[in-house]
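Peer 1:
6 protein chains.
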Amino acid sequence: MSLVARLDAGETLFTAWSGVPDALTVEIVANQGFHAITLDMQHGGHHEDSVLRGIVPILKAGKHPLVRIPVGRFDMASRALDFGAEAVIAPMVNSVEDARRFAAAMKYPPLGERSWGPTYAFPRHGKGTQSDWLKESNQRTLAFAMIETRAALDALDGILETPGIDGIFLGPSDFSIAWTDGETVDSTLESMMETIESIAGRARKAGKHAAIYVMEPAIAGRVVSMGYQLLAMGSEHKLISLGAENLLKSVRESIAS
Amino acid sequence: MSLVARLDAGETLFTAWSGVPDALTVEIVANQGFHAITLDMQHGGHHEDSVLRGIVPILKAGKHPLVRIPVGRFDMASRALDFGAEAVIAPMVNSVEDARRFAAAMKYPPLGERSWGPTYAFPRHGKGTQSDWLKESNQRTLAFAMIETRAALDALDGILETPGIDGIFLGPSDFSIAWTDGETVDSTLESMMETIESIAGRARKAGKHAAIYVMEPAIAGRVVSMGYQLLAMGSEHKLISLGAENLLKSVRESIAS
Amino acid sequence: MSLVARLDAGETLFTAWSGVPDALTVEIVANQGFHAITLDMQHGGHHEDSVLRGIVPILKAGKHPLVRIPVGRFDMASRALDFGAEAVIAPMVNSVEDARRFAAAMKYPPLGERSWGPTYAFPRHGKGTQSDWLKESNQRTLAFAMIETRAALDALDGILETPGIDGIFLGPSDFSIAWTDGETVDSTLESMMETIESIAGRARKAGKHAAIYVMEPAIAGRVVSMGYQLLAMGSEHKLISLGAENLLKSVRESIAS
Amino acid sequence: MSLVARLDAGETLFTAWSGVPDALTVEIVANQGFHAITLDMQHGGHHEDSVLRGIVPILKAGKHPLVRIPVGRFDMASRALDFGAEAVIAPMVNSVEDARRFAAAMKYPPLGERSWGPTYAFPRHGKGTQSDWLKESNQRTLAFAMIETRAALDALDGILETPGIDGIFLGPSDFSIAWTDGETVDSTLESMMETIESIAGRARKAGKHAAIYVMEPAIAGRVVSMGYQLLAMGSEHKLISLGAENLLKSVRESIAS
Amino acid sequence: MSLVARLDAGETLFTAWSGVPDALTVEIVANQGFHAITLDMQHGGHHEDSVLRGIVPILKAGKHPLVRIPVGRFDMASRALDFGAEAVIAPMVNSVEDARRFAAAMKYPPLGERSWGPTYAFPRHGKGTQSDWLKESNQRTLAFAMIETRAALDALDGILETPGIDGIFLGPSDFSIAWTDGETVDSTLESMMETIESIAGRARKAGKHAAIYVMEPAIAGRVVSMGYQLLAMGSEHKLISLGAENLLKSVRESIAS
Amino acid sequence: MSLVARLDAGETLFTAWSGVPDALTVEIVANQGFHAITLDMQHGGHHEDSVLRGIVPILKAGKHPLVRIPVGRFDMASRALDFGAEAVIAPMVNSVEDARRFAAAMKYPPLGERSWGPTYAFPRHGKGTQSDWLKESNQRTLAFAMIETRAALDALDGILETPGIDGIFLGPSDFSIAWTDGETVDSTLESMMETIESIAGRARKAGKHAAIYVMEPAIAGRVVSMGYQLLAMGSEHKLISLGAENLLKSVRESIAS
């Protein structure tokens, strides 16, 4: 079942977050209990080559591949789809114009301006003819616009109305910096929570999906109840750190006892 | 003889199309009977590193290296030349402004705004002094603007008149999507052929080169007669697929007989 | 179904032969109509890293991954299995001692001396417990000893009787060099065909599998009738060369007509 | 001591210039007597992956990592900082708008619009809490705008006044092309020296740092006396060429004598 | 302080176990709370290139780099030292002859036969002159022979007496397979524990170090009390798996509550 | 002209020594004034992949590619030739048996036991038919046995008489360690010079080539007069270090003056 079908069916989905541009590391993450893996090209180390190669182990593991592009790199949004991503997350979509450019790169005409050439995506996913593929592509791949500044909040209605934008993705760390005018970074800042809830609500009302990064596991239940359906978490840095702490604690306790 | 010299001399040239970002694979393609190899960074998997490394086996094989950049990545047009490409193909040049920005990245002042730094290109190609190299570079490298939308067609005269644009490159798959408003993708769509012919004619009349992607070999004669002089074809996906079908057919026939 | 199960069931299987140490190129080959892909570390360019990475797209495509190791590199036989290969082909097994060392690396005790550590193979293939995996591994992975010299021919009975050797693999090019004392290389040399047939017969009689490299497709039927059941063919050099010849011929004919 | 602290303390610093996108080569350069290493993504071969990996040996050697981005790739300015660069050099900053966009990518709000996510930089450099890191980041990383055209010269005051721009970097080769309207490339062109001196002076007066590329060692003293404090020099092409000439000369003299 | 100095001082040390041949992944592991990182070339995916590159982030993090070589690959023992490893672990040292060959590769004459050429190790570690480095190298790098078969157990005294062998490393999984004649794999098999304890005792009595792989944290205290001083644990597969289970459990609990 | 032809013609040739496993770095070295480039797999960082890729820029630059293999890795001797090397240097050939095994891997039957499969070498070098290539290969590729221990000196006559050994290569650093029983490493140790001279003399008398590593340029004339015809020198570590010292000296002098 595709990512879009599962979201449409109302599933709550977890995506791991990969920042190590290495297909073997991605393979290990893809074998864990997440539903999807997001290859991060903005703050993570992923790049064109690692995305192209990293999607294969994700698909082999039966998981959904997503890609976050760098700020404004809409050329890469198209490429991520050409490589077989099911969704692309664009950071810092702060205006309707940003949303429009992002959608243009994500959707084939007449909806957008995406160029044809699924050299890798078609053999990785496709069945049927290339014409079938053309017809269904705009529906089966998802464009998530990140909402993480006051400007984005101000432009939210227009962003949600932009044809080709399939959902929003809340970036709580940047949002907290914006919310406090650079005073702090705190992904669970209480004072912004009501607004974060309203964003999900407005997205859902507009018929769009709502996703969010979950830095602190304890916030998960709350954001799900707000309407966020796709939860991102767990870069390799985080997973290895958690695993090492856990393992070393057990070993040290065994030795101390 | 340089690519530009051969095109000026009226040769019909074939360029293979490489989408595998690996210098050894490029080397094998470069050893086949094509005149040139285009490293594709838009729909293919090539990236900065693979272009930098892939040009070497192409030059060793005595072939011409070309690079297609991603949409709007004019920074990469300059870099492709810095790495030793003889021509750059820019997709989705849909306006005179697009053409102007592309030309600016491709040509040294006063024609354009390309920055100096042929660290790799000069030792790969160069003879004489760096000042000689500066003087001849604008002539010996080619800027091909892709014409593949209705907007590009509307702006064609202006694109052809843009100083620094050396030729056009027709993308028939995208053009067919545009031509049918997203209804189909068909690189040999009969209804667009007259227009495709006129584009070559207008380019030639403006003193510019005309290139095209040939998805179906049977169309080759027709596009050559239209005035297209540089024919692109044959990604690794295509070549390996053709080779495997051919080989397996022979093996199966031998076993069946 | 595993490779061993299909061979036991009497299927004639085709394996492509990959010499390009790049997972994307392997992926393309794996998407063609072969049943298996052999990653060649002897004359091909594969190495530890490319084998580890190249097995993933083969498994994703539902094909069987095989590895040919360099001469005498039995450490790599174990590693290929640890990485997820279903069979290993060892070149130049010229004596019973060679066969014994190869088998030792391929099989867990008490049959052999393989060391435990399926870090990659188990998550790539495994179901059930690691103890189950230990118990079934010796059966589900195959050791093919290459027979390609006069010494190997002389030692054939002993090689076939060596516990842990699951089959032989005939290398016809080297065999022709040996057969003619270095006078020529000819994979279909008529004078050696009777011997090649007898080798398959002796292998089958000993309950072992017989495999062979097919340089010329026309020989396929003949070797199958001799009892060779796994046929190797088609490196990327070969496939790309066949594909390019085919494509350029069609293009040139279109232009000439 | 950080790069900014050393520049503020008035030290004259030398940065090597790396164009080979390979961490082992960078490691060798980092072990020489330079204070810093600049990884060049404009004319050099560095890319996302090589910058991410190349910063580690620079830090291990106790040197300062700098990155030059391609023209207009401000997404990469943020990424270079996320990967641990202490300074970013942006080429072709030809207008106040260019400077503003560069600064926006380099500085966290409210000064700029940089997005939060120091996944690599924090463990590579950081001490204390992430909130401390947020507070000090805008001060401890430096934005150098390259001045290398007449347009940049005309806009210099505005560029220097742009909040978040920490210094200018003079590109003498491009400046000479601009100065002569494309007639020549000459990094020590006498006729532009007075202007080059005035640029340093204006930068210093505005409280900004002044850096320059030194193609000819003999010019070093002069530019230092002009006020340039960070001197770039010595790509691997240059260093290896100097080393080889020196070595071969000694060997040839020994043989001839 | 060097690894050998810390072991001589009686510290109990933990080494992580890296099987992902990627320097960025190694960097993350090196930033956790282990004292050392072992790059595994036997069952892990490490190879010449990844060892050469992976040692840098380990040294930057102030940790000790160790390498486990493939079975019988004593050429690689020397190379690991040339690349900067502080210790090498050789698997399947089953005889005095194996031990002698391993020691020969690890030690410079007259103790062994190691060839001179610390191109990478010297700048990575070295101070003083190359002659100093030659003199101290045999002492400052450690050769660990793996004891993991009945043959090794039988030969233990001879192995321990072999000049140049600095310690033993117990492989409990393989030892359990040997102990049960292939019946099971169980790193904490009770019936072999007395023997495992005696091995540490004999090693310590011979003045050699004792190391062991700890698959189950709960065994740590017991093996330390037996005299094992260097404890290996935690491949990336293990660490990521532990981290993901931990994280997903917290997230699921938050949602369920 | 091939390497063997030039040596036979009496030329004194210089080979650079590459230890950085990166084709771009090799390309830069190949563009300097050396006649050949040796890719070092023993103490340098080269490996299967970097040798396969590094030979291309060497051939493009019109230089001779050589490979030094790790100790005892005769499987790699064959592979280096398969990848296109013109000569292979084997370290630590300390006995006639070592020489025999090395020669077996280097030469096709009946002279040796090399296996057929020039997948890369033939398209990189070859003209004519594969049978021609088979016939000429044993002559056109060179096997150099390193003489660097007392054992090798004792076995020298036998090594020189071994069919298939084309020359010796003197390793002066290891030889000095052997000569002083591990007391020092000194490539120009006076007390061993007479022996080093006699080795060249005995090689020449046996009709074999003599090569040597030149650590100190000043020794070059002396070893040439001894009969050494192929002189190795200048790793990237050395070249970059020489270049950086030279450059920084000039810059510092300019500033100081």
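Chains as they are written, first to last, in the UniProt record's numbering: chain A, 1 to 257; chain B, 1 to 257; chain C, 1 to 257; chain D, 1 to 257; chain E, 1 to 257; chain F, 1 to 257.
From the three backbone atoms N, C-alpha and C, an ideal C-beta is built for every residue, glycine too.
(1) Tell me which residues of the region 102–121 of chain E have at least one Cβ-Cβ distance to chain F shorter than 8 angstroms, keeping chain order.
(2) Which term fits Ser225/B, buried or exposed, when burial requires 16 or more other beta carbons within 10 angstroms of its beta carbon?
(3) Are any of the Cβ atoms in chain A nearer than 8 angstroms to that of Ala178/B?
(4) What does Arg53/E reach in chain D if we use C-beta pairs closer than 8 angstroms?
(5) For Arg68/D, list the residues DSSP reports as bridge partners.
(6) Please state if the CB of His46/A and the CB of Ser18/A are separated by a distance shorter than 8 angstroms.
(7) Going along the chain, which residues of the region 34–48 of chain D sit with their C-beta nearer than 9 angstroms to a C-beta in chain B?
(8) Report the rounded CA-to-CA distance for residue 259/C versus Thr38/C, giving the unit in angstroms.
(9) Can you tell me which of the three DSSP states Leu142/E falls into?
(10) Could you pull out every residue in the same chain whose Cβ sits closer than 7 angstroms to the Cβ of Asp40/D, ignoring the five residues on either side in sequence?
(11) Using a Cβ-Cβ cutoff of less than 7 angstroms, which residues in the same chain neighbour Arg150/A once the five nearest sequence positions on both sides are dropped?
(12) Looking at the secondary structure, which residues open and close the beta strand (DSSP E) in which Ala210/E lies?
(13) For Met215/C and Ala211/B, I'd like the C-alpha separation in whole angstroms.
(14) Got a sec, what are the start and stop residues for the alpha helix (DSSP H) Leu156/A sits in?
(15) Let's test the definition: count the other Cβ atoms within 10 Å of the Cβ of residue 259/F and tell me whether it reaches 16, buried, or not, exposed.
(16) Give me the DSSP bridge partner(s) of Gly167/A.
(17) Please confirm if Lys238/F has its CB atom under 8 angstroms from at least one CB of chain D.
(18) Does Arg79/B have its Cβ less than 8 angstroms from a Cβ in chain D?
(19) Along the region 55–79 of chain A, what residues have a CB closer than 8 angstroms to any CB found in chain C?
(20) Counting only the same chain and skipping the five closest in sequence on each side, list residues whose C-beta sits under 8 angstroms from that of Gly44/A.
(21) Can you tell me whether Trp17/A is helix, strand or coil according to DSSP?
(22) In the DSSP assignment, find the alpha helix (DSSP H) that holds Leu239/B and state where it starts and stops.
(23) Give the C-beta separation of Ala232/B and Met146/B to the nearest angstrom, bearing in mind that I take them to be a contact with Cβ-Cβ under 8 angstroms.
(24) With distances taken Cα to Cα, identify the nearest neighbour of Lys107/B among Ala143/B, Lys127/B, Tyr120/B, Phe14/B.
(25) Is DSSP giving Ala61/A helix, strand or coil here?
(26) I'd like to check one pair, Leu59/C with Thr141/C: are the Cβ atoms closer than 8 angstroms?
(27) When DSSP labels each residue in this structure, what does Met1/B get in the three-state scheme?
(28) Any beta carbon of chain E sitting closer than 8 angstroms to that of Pro91/D?
(29) Would Asp174/E count as contacting chain H if we go by Cβ distances under 8 angstroms?
(30) Between which two residues does the alpha helix (DSSP H) carrying Ala220/A extend?
(31) Between Gly33/B and Gly243/C, what straight-line distance do the alpha-carbon atoms span, to the nearest angstrom?
(32) Compare the C-beta of Glu27/B against all C-beta atoms of chain F and say whether one is closer than 8 angstroms.
(33) Which of helix, strand or coil does DSSP assign to Leu231/D?
(34) Whose Cβ in chain F lies nearer than 7 angstroms to the Cβ of Pro123/D?
(35) By Cβ distance, which residues of its chain are closer than 8 angstroms to Arg204/E, with the 5 residues on each side in sequence left out?
(36) Is it true that the CB of Gly158/C sits closer than 8 angstroms to the CB of Val71/C?
Peer 2: With the structure as the only source:
(1) Listed by position along the chain: Ala105, Tyr108, Pro109, Pro110, Leu111, Glu113, Ser115, Trp116, Gly117, Pro118, Thr119, Tyr120.
(2) Along the second sequence, one-based indexing puts residue 225/B at 225. Note on Ser225/B: under 16 other CB atoms within 10 angstroms of its CB, so exposed under the neighbour-count rule.
(3) Here residue 178/B refers to the residue found at position 178 when the second sequence is read from its first residue. Output row for Ala178/B: interface = yes.
(4) On the fifth sequence, residue 53/E is found 53 positions in, with the first residue counted as 1. The CB of Arg53/E comes closer than 8 angstroms to the CB of Ala23, Leu24, Arg53 in chain D, given here in chain order.
(5) Looking up residue 68/D in the fourth sequence gives position 68. Answer by DSSP bridge pairing, in chain order: Asp40/D, Ile89/D.
(6) Here residue 18/A is taken as the residue at index 18 of the first sequence, counted from 1. Here residue 46/A is taken as the residue at index 46 of the first sequence, counted from 1. Yes; because the gap between Cβ atoms is below 8 angstroms, this pair is in contact.
(7) Within the region 34–48 of chain D, the residues whose Cβ lies closer than 9 angstroms to some Cβ of chain B are Asp40, Met41, Gln42, His43, Gly44, Gly45, His46, His47, Glu48, listed in chain order.
(8) This structure gives no information on residue 259/C, because the portion of chain C shown stretches from 1 to 257.
(9) Counting from 1 along the fifth sequence, the entry for residue 142/E is found at position 142. DSSP places Leu142/E in strand when its eight states are reduced to three.
(10) The residue you call residue 40/D lines up with position 40 of the fourth sequence. Non-local beta-carbon contacts of Asp40/D in its own chain, meaning distances under 7 angstroms to residues more than five positions away in sequence, involve Trp17, Ser18, Gly19, His46, Arg68 in chain order.
(11) Mapped onto the first sequence, residue 150/A falls at position 150. If we look at Arg150/A and ignore the five residues flanking it on each side, its Cβ neighbours are Ala178.
(12) For the purposes of this step, residue 210/E is taken as residue 210 along the fifth sequence, with counting starting at 1. Where Ala210/E is concerned, the enclosing beta strand (DSSP E) stretches over 209–213.
(13) The residue you call residue 215/C lines up with position 215 of the third sequence. The residue you call residue 211/B lines up with position 211 of the second sequence. Spanning the two alpha carbons is a distance of roughly 38 angstroms.
(14) On the first sequence, residue 156/A is found 156 positions in, with the first residue counted as 1. According to the DSSP assignment, Leu156/A belongs to the alpha helix (DSSP H) that extends over 156–161.
(15) A question about residue 259/F goes unanswered here, because the residues of chain F that appear run from 1 up to 257.
(16) Looking up residue 167/A in the first sequence gives position 167. Partner(s): Phe144/A, His209/A.
(17) Position 238 of the sixth sequence holds residue 238/F. By the rule that beta-carbons nearer than 8 angstroms mark a contact, Lys238/F touches chain D.
(18) Start at 1 with the first residue of the second sequence, and residue 79/B comes out as number 79. Closer than 8 angstroms to some Cβ of chain D, the Cβ of Arg79/B qualifies, so yes.
(19) Within the region 55–79 of chain A, the qualifying residues are Val56, Pro57, Leu59, Lys60.
(20) If you number the first sequence from 1, residue 44/A lands on position 44. The answer, listed in chain order, is Trp17, Ser18, Gly19, Val20, Pro21, Arg68, Ser235.
(21) Along the first sequence, read from residue 1 onward, the residue named residue 17/A stands at position 17. Residue state, collapsed to three classes: strand.
(22) Start at 1 with the first residue of the second sequence, and residue 239/B comes out as number 239. Where Leu239/B is concerned, the enclosing alpha helix (DSSP H) stretches over 236–256.
(23) Residue mapping note: residue 232/B aligns to position 232 of the second sequence, counting from 1. Residue mapping note: residue 146/B aligns to position 146 of the second sequence, counting from 1. Going by Cβ atoms, the distance from Ala232/B to Met146/B rounds to 11 angstroms, so no, they are not a contact pair.
(24) Reading the second sequence from its first residue, position 107 is the one you call residue 107/B. Closest by alpha carbon: Ala143/B.
(25) Position 61 of the first sequence, counted from the first residue, corresponds to residue 61/A. In the structure shown, Ala61/A adopts coil according to DSSP, grouped into three states.
(26) To locate residue 141/C, count along the third sequence from 1; it is residue 141. To locate residue 59/C, count along the third sequence from 1; it is residue 59. Remark: C-beta atoms of Thr141/C and Leu59/C do not approach each other more closely than 8 angstroms.
(27) Along the second sequence, one-based indexing puts residue 1/B at 1. Secondary structure of Met1/B (DSSP, three-state): coil.
(28) For the purposes of this step, residue 91/D is identified with residue 91 of the fourth sequence, where counting begins at 1. Chain E contact via Cβ: absent.
(29) The structure shown contains no chain H; its protein chains are A, B, C, D, E and F.
(30) Locating residue 220/A in the first sequence gives position 220, counting from the first residue. Going by DSSP, Ala220/A is part of the alpha helix (DSSP H) stretching over 220–226.
(31) For the purposes of this step, residue 33/B is taken as the residue at position 33 of the second sequence. For the purposes of this step, residue 243/C is taken as the residue at position 243 of the third sequence. Roughly 11 angstroms separates the two Cα atoms.
(32) Position 27 of the second sequence holds residue 27/B. For Glu27/B, the closest Cβ of chain F is nearer than 8 angstroms.
(33) Numbered from 1 along the fourth sequence, position 231 holds the residue referred to as residue 231/D. Three-state DSSP puts Leu231/D in a strand.
(34) In the fourth sequence, the residue the question calls residue 123/D occupies position 123. Listed by position along chain F, the residues whose Cβ is nearer than 7 angstroms to that of Pro123/D form an empty set, because the closest Cβ is around 26 angstroms away.
(35) Within the fifth sequence, residue 204/E is the residue found at index 204, counting from 1. The answer, listed in chain order, is Ala210, Gly227.
(36) Within the third sequence, the letter at position 71 stands for residue 71/C. Within the third sequence, the letter at position 158 stands for residue 158/C. The beta carbons of Val71/C and Gly158/C sit no closer together than 8 angstroms.
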